[in-house]
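Just so you know, our numbering puts 385 at position 2 of the sequence shown, and the rest follows in order with no gaps. Input: a single structure, listed below in structure tokens.
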Amino acid sequence: MARIKKGDRVLVISGKDKGITGTVLKVDLKRERVIVEGVNRVKKHTKQGTTDRGVKTGGILTVEAPIHYSNVMLLDEDDQATRIAVKREDGKNIRISRRTGKEI
384 MARIKKGDRV LVISGKDKGI TGTVLKVDLK RERVIVEGVN RVKKHTKQGT TDRGVKTGGI
444 LTVEAPIHYS NVMLLDEDDQ ATRIAVKRED GKNIRISRRT GKEI
């Protein structure tokens, strides 16, 4: 089960963006990566062209690159970083904050 899911608020705990909080935009379980809003922004060069309406596209775009999920910690409701425990109840996995013991 994924301990970090899309839409979670997380804190970056290592790397060049250490200390920044953001929302998870995408989770890639196979590669163990997450994309966090406003974190690890890189410039991407795309080929210039036009759409069928004549609008120019392409150029240099700034996008968020993925980071390893071990470099982020989940924030609970009072914006404190916490580790996550997984408990199985009634056939469903439930994420629990290790700091407070409450369900996330």
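For glycine and all other residues, C-beta sits at the position ideal for the given N, C-alpha and C.
S480 carries a strand assignment under DSSP once its states are collapsed to helix, strand and coil. A check of alpha carbon separations from I467 across N423, R478, V446 and G474 identifies R478 as the nearest. Less than 7 Å divides the Cβ of K426 from the Cβ of T445.
Of the other Cβ atoms in all chains shown, 16 or more fall within 10 Å of the Cβ of D391; this residue is therefore buried. For S397, the closest alpha carbon among the candidates T433, N423, T429 and K388 is that of N423.
Inclusion of I387 and V395 in the CB contact set at 7 Å is not warranted, their separation being larger than that value.
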